[in-house]
Each structure stands twice: as C-alpha cells, then as structure tokens.
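>
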Amino acid sequence: MAARIQTIRGFRDILPEEAHKWWYVESTAREILGLFGFKEVRLPILEQTALFARSIGETTDIVEKEMYSFVDKGGDSLSLRPEATAGMVRMFIQHSLYHQPLTAKLFTIGPMFRRERPQKGRYRQFYQIDVEMFGFAHALADAELIHMLDTLLKRLKIPVYELHLNSLGCRKCREPFKEALKTFLKDKHEQLCPDCRRRRTLNPLRVFDCKKEQCKAVLKDAPLITDYLCEECKAHFLQLKGYLEELKISYVLNPYLVRGLDYYTRTIFEVIIPGIGAQSAVAGGGRYDNLVEMLGGRPTPATGFAIGMDRLLPCVPEPEEKQRPLFLALLGEEAVKVGLRWAKVLRANGIWTEIDYRLGSLKSQLNRANHLKALLALIIGEDEIKKDRAILRNMDTKEQIEVPLNPEEGLAIVKQQLGRK
Numbered sequence: 002m003a004a005r006i007q008t009i010r011g012f013r014d015i016l017p018e019e020a021h022k023w024w025y026v027e028s029t030a031r032e033i034l035g036l037f038g039f040k041e042v043r044l045p046i047l048e049q050t051a052l053f054a055r056s057i058g059e060t061t062d063i064v065e066k067e068m069y070s071f072v073d074k075g076g077d078s079l080s081l082r083p084e085a086t087a088g089m090v091r092m093f094i095q096h097s098l099y100h101q102p103l104t105a106k107l108f109t110i111g112p113m114f115r116r117e118r119p120q121k122g123r124y125r126q127f128y129q130i131d132v133e134m135f136g137f138a139h140a141l142a143d144a145e146l147i148h149m150l151d152t153l154l155k156r157l158k159i160p161v162y163e164l165h166l167n168s169l170g171c172r173k174c175r176e177p178f179k180e181a182l183k184t185f186l187k188d189k190h191e192q193l194c195p196d197c198r199r200r201r202t203l204n205p206l207r208v209f210d211c212k213k214e215q216c217k218a219v220l221k222d223a224p225l226i227t228d229y230l231c232e233e234c235k236a237h238f239l240q241l242k243g244y245l246e247e248l249k250i251s252y253v254l255n256p257y258l259v260r261g262l263d264y265y266t267r268t269i270f271e272v273i274i275p276g277i278g279a280q281s282a283v284a285g286g287g288r289y290d291n292l293v294e295m296l297g298g299r300p301t302p303a304t305g306f307a308i309g310m311d312r313l314l315p316c317v318p319e320p321e322e323k324q325r326p327l328f329l330a331l332l333g334e335e336a337v338k339v340g341l342r343w344a345k346v347l348r349a350n351g352i353w354t355e356i357d358y359r360l361g362s363l364k365s366q367l368n369r370a371n372h373l374k375a376l377l378a379l380i381i382g383e384d385e386i387k388k389d390r391a392i393l394r395n396m397d398t399k400e401q402i403e404v405p406l407n408p409e410e411g412l413a414i415v416k417q418q419l420g421r422k
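The sequence shown begins at 2 in the working numbering and counts up by one.
Take a look at the structure:
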C-alpha cells in the first residue's frame, strides 16, 4: 500500500467545523469595513522578490530567513507573499490609484506565507485581513483605522483585549534615536542573543522585537524613541491620543513597541489578547508615509493594519446559527421527484434545505434530520402523494400538520412555521 500523503509541516486544513467561524469573521469584517467606506481588492499571492526586499528590508528576518522564494523558468526571482502591505502598495502605484477621489481605502483577505517555526497560533500558511488607507497624513486617519478595528473586535464579541500604542517618529527624529540605541547596545553585546547581536548594527530597532528574556532585561534601561520625537511627530501623536480619548477607546502607551518591518513611521499599534499564550498579538499596524515613494510611486502618506485570523479565531465566541435547515424525508421514486420541486422552491426563497441522498427508511431519514439539527421535516411518501398532502413535522416538539403537496401552495405554511414572512 502506498504511503499516505499528509499536509506539509506548518500548513493545515480548515475543516467544516472551523470554516463556518472563518466565514462569520470574514463576512463581519466586510460589513464593518464597508461602513467605513473601504473597498475589497484581490491580490496575487506571488510577487517579485525585490518587492519585499525593498519594502520590508533586506536585513529583516522575514527576507533573510523566512520567505518562500525561488527562481522560475524565466530566471525571475519570485516569492510567496509574507505580508500584504507591499503588494497593496505595488497595486496602488501600478494602477495609479492616487485619485479615488481623494484617497484610496482598500482591504484584502487571504493567505500569507513564512517559513518560520510552527507553533500555536503561528503557521507557515497563515491568513490575514489587511486594511490600508492611502492619501491622508493627518492623525485623524490613524484614529479612524483604530476606531474601525475596535468596532470590529466589539462586533465579534472579543471579551478582553488591549490596544498598545507608540510612535516610531519620522526619518528626522529616528536617526538620532538609532545612534543612541547603537551606543547603548554596544556595551551590552555579550548579554544579547546571537540574533540581536547581529541586529545591533544592521537594524537596532529590531532588538525591541526580541522575545528572549535576556534581551528584554537588557532593554529595560535602553533609550526610548518617545524621548527623541521631533515637534511634528510629538504633535501628531498627541492629536491621535486626543481623538482616541474622544472616541472613548482605551489604550496602553508602550514605548517598547516596535514593528518588525522597516517601512513604519510615526503611529504604530498592536491589539493584545492577554492569556492566549506567547502569540498574544492578534492585530497590528501603523503609519508608513515613505513606502509608496520607496517603491517608485509619488510621495503618498499611508496607514494600515493587519489582523491575524489564525490567532483571532480561537478568541471569537461561537457564532449563533442564524438558520436551521428544513429536511426533506422522501420515500419512493415519485416522492423524490416531488421533493426536488420542493427543494427548488424552498432554496429559491432562501430556505436551507437538506436531503438524505441514501434515501433510507423514514426512521433513518428522520435520524439524519436530527443529526443536522433540522427545525422542520417535510415527509413525502406514497400515502402523501395519493392524498395530495405532505406532512410537516416540527423536529423539536414532534407536532405534525398537513400541507399541500404542491410546493407553490404549501410554501406560505412552511414560511409561517419557520417564522418568516
């Protein structure tokens, strides 16, 4: 017997028991984002490797270690997307979305890929809801994004979460901070983990991203970006905090918060759900005013966030089933033909309809109806066809009534029993 083929390590199947919650979260996100005027786009999962090297940064762990990259038959270096923002910016530039009419407010939902160590809440194929806003430099745009994220989390009934907030400043104030941080870390070289020793000179802000306790201990006395903000960045951050307070959105000022990607400027934020393990950040984002220009577009301010669905989903309460099915119990070939007419009419009227295709005994079909948690069962057999009346059975109360065999005539009674108009 041939060996069974299994999923690749770090990848997984999403089975029907889980998939209904994925659909619920995605549809709720589309509804909330629509209320704020955001439009959905679809992006390719494969891009030129240079797009991520230029946007994310060649010295980041993502580009150096984690991307799925290969050279195709034409000699081009391609990569599966490790995140969505770079692709969104590429699309924005390529299709000249600078006048939509004053800004572009876009989102996409789909898989990303990173070859990192699989663990709880972290997979090599993972899913994100990615939201981007192009064209507004004002702190109001950041506040709107955070307000939208907060609205979505509340709609999904996430019981407890924290919004962590910081500012990374701009190019003008970040360079003096980087130099101060490099000087501080130089004397701590031996106390850092091997990765942070390398980051210390290449990209010192990334040291704040380290999860190792030895590095966290070193950083307790490190200089903080908030002490180096220029007047414009201070004013932007103060304005954002004022808007959040007006919206009554609570936040935690976290001066140690950084983003792992090089393109962020000024506002950055994360949503933390305490108690879910090491991977407690379920969403994160911020402002990246230089990225469009870095990738060859016109200077365009931008801000956005991404939600990690794999981490968020276990925290979402099980959604209530909005509809229970109606089950057609069909006994005999003539009953099947009548049942198909009923199924067509019921589904055309938005009623979830199930049939047991094995066409067993009445008892086995009603057992199947119970398994599917059907509210009603419409029973059609030889006697019902002769009498021109079907039996409508309430599966909860076991009460039965007769309805016309013709679906066009019996539909109104079925709707009434389902509580529909």
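The beta-carbon is built from N, C-alpha and C at its ideal position, and this holds for glycine as well.
Remember, predicted model here, so these are calculated numbers, not experimental data.
1. How long is the line joining the alpha carbons of Thr301 and Phe137, rounded to whole angstroms?
2. On the CB-based measure, 16 or more other CB atoms within 10 Å of its CB, does Gln95 come out buried or exposed?
3. Quick check on the burial criterion: 16 or more other C-beta atoms within 10 angstroms. Buried or exposed for Trp24?
4. Could you check whether Leu376 and Leu412 sit closer than 8 Å to each other, using their CB atoms as the reference points?
5. Closest by CA to Asp311, which one among Ile6, Ala4, Ile15 and Met2?
6. Rounded to whole angstroms, what is the Cα-Cα separation between Cys174 and Arg288?
7. Hey, Phe12 and Arg115 are a contact pair by Cβ (cut 8 Å); roughly how many whole angstroms apart?
8. Please list the segments of the alpha helix (DSSP H) lying wholly inside the region 70-103, counting only runs of 4 or more residues, in order along the chain.
9. For Phe108 and Asp143, which I take to be in contact (beta-carbon distance under 8 Å), what is that distance rounded to the nearest angstrom?
10. May I ask you to verify whether the region 177-193 touches the region 213-229, counting CB pairs closer than 8 Å and requiring at least 3?
11. In chain order, what residues of the same chain have a beta carbon less than 6 Å from the beta carbon of Leu373, not counting five sequence neighbours either side?
12. In terms of alpha-carbon separation, which member of Pro224, Val161, Lys364 and Glu403 lies closest to Lys187?
13. In this structure, what does DSSP give as the bridge partners for Gln126?
14. Near Asn395, which residues of its chain fall below 8 Å by C-beta distance, leaving aside the five closest residues on each side in sequence?
15. Pull up the distance between the alpha-carbon of Glu145 and that of Ala282, whole angstroms please.
16. Going by CA-CA distance only, name the one from Ile308, Glu322 and Lys323 that's closest to Cys316.
17. At the level of alpha carbons, what is the spacing between Asp77 and Thr266?
18. In the structure shown, what three-state DSSP assignment does Ala282 receive?
19. Measuring CA to CA, which of Gln49, Ser168 and Ser56 is closest to Gly75?
20. Under three-state DSSP, which class holds Thr268?
21. Roughly how many angstroms separate the alpha carbons of Leu193 and Asn204, rounded to a whole number?
22. Please list the segments of the beta strand (DSSP E) lying wholly inside the region 174-248, counting only runs of 3 or more residues, in order along the chain.
23. Taking 8 Å as the cut-off, decide whether the C-beta atoms of Leu166 and Leu220 are in contact.
24. Just to confirm my understanding: we take Lys106, look at its own chain, exclude 5 residues before and 5 after, and list those with CB closer than 6 Å. What are they?
25. I'd like the list of long-range same chain contacts for Val90, defined as Cβ closer than 6 Å, with 5 residues on each side in sequence excluded.
26. Apart from the five residues just before and just after Phe328, which ones in its own chain have a Cβ nearer than 6 Å to its Cβ?
27. State the DSSP-derived secondary structure class of Ser362, mapped to helix, strand or coil.
28. Cβ of Pro326 less than 8 Å from any chain B Cβ?
29. Between the alpha carbons of Lys217 and Gly351, how many angstroms are there, rounded?
30. Have a look at Arg207 and Cys234 and give me their C-alpha separation to the nearest angstrom.
31. Who are Met149's beta bridge partners in DSSP?
32. Determine the extent of the beta strand (DSSP E) in which Thr304 is found, giving its start and end residues.
33. Taking DSSP's pairing of strands, which residues face Gln401 in a bridge?
34. Return helix, strand or coil for Thr109, following the three-state DSSP convention.
35. Spatial neighbours of Tyr244 within its chain, please: CB distance less than 7 Å, with the 5 preceding and 5 following residues excluded, ordered by chain position.
In short, the structure shows the following:
1. For Thr301 and Phe137, the gap between their C-alpha atoms comes out near 8 Å.
2. By the neighbour-count rule (16 or more Cβ atoms within 10 Å), Gln95 is not buried but exposed.
3. Its Cβ having fewer than 16 others within 10 Å, Trp24 is exposed.
4. The answer is no: Cβ separation not under 8 Å.
5. For the residues Ile6, Ala4, Ile15 and Met2, the minimum Cα distance to Asp311 belongs to Ile15.
6. Going by C-alpha positions, Cys174 is about 15 Å away from Arg288.
7. Between Phe12 and Arg115 a beta carbon distance of about 12 Å is seen, past the 8 Å cut, so the two are scored as non-contacting.
8. Taking only runs of at least 4 residues, the alpha helix (DSSP H) segments lying wholly in the region 70-103 are 86-95.
9. Rounded, the Cβ-Cβ distance is 16 Å, inconsistent with contact.
10. Taking 8 Å as the limit for Cβ pairs, the verdict is that the region 213-229 does touch the region 177-193.
11. Take Leu373, set aside five residues on each side of it, and the residues of its chain with a beta-carbon closer than 6 Å to its own are Pro326 and Glu355, in chain order.
12. Measuring from the Cα of Lys187, the nearest candidate turns out to be Pro224.
13. As a beta-bridge residue in DSSP terms, Gln126 pairs with Phe114.
14. Within the same chain, Asn395 has close Cβ partners Leu376, Leu377, Gln401 and Gln418.
15. Rounded to whole angstroms, Glu145 to Ala282 spans 20 Å at the Cα level.
16. The residue with the shortest Cα to Cα distance from Cys316 is Ile308.
17. Computed Cα separation, rounded: 31 Å.
18. Looking at Ala282 - three-state DSSP - the assignment turns out to be strand.
19. Check the Cα spacing between Gly75 and each of Gln49, Ser168 and Ser56: the tightest is with Gln49.
20. In the three-state reduction of the DSSP assignment, Thr268 falls in the strand class, which pools E and B.
21. Those two C-alpha atoms are separated by around 14 Å.
22. If we require 3 residues or more, the region 174-248 turns out to have no beta strand (DSSP E) run fully inside it.
23. Between Leu166 and Leu220, the gap from beta carbon to beta carbon reaches 8 Å or more.
24. Within the same chain, Cβ atoms closer than 6 Å to the Cβ of Lys106 are found at Gly38, Phe39 and Met134, the five residues on either side in sequence being excluded.
25. The answer, listed in chain order, is Leu292, Val293 and Leu296.
26. Within the same chain, Phe328 has close Cβ partners Glu355, Ala370, Ala375 and Ala378.
27. For Ser362, the three-state secondary structure derived from DSSP is coil.
28. The structure shown contains no chain B; it is built from a single protein chain.
29. Their Cα atoms are separated by approximately 56 Å.
30. Going from the Cα of Arg207 to the Cα of Cys234 covers about 21 Å.
31. For Met149, DSSP records no beta bridge to any residue.
32. Per DSSP, the continuous beta strand (DSSP E) segment holding Thr304 begins and ends at Ala303 to Gly309.
33. Note: Gln401 sits in a beta bridge opposite Arg394.
34. Of the three classes helix, strand and coil, the one that applies to Thr109 here is strand, per DSSP.
35. Within the same chain, Tyr244 has close Cβ partners Ala140, Leu141 and Ala144.
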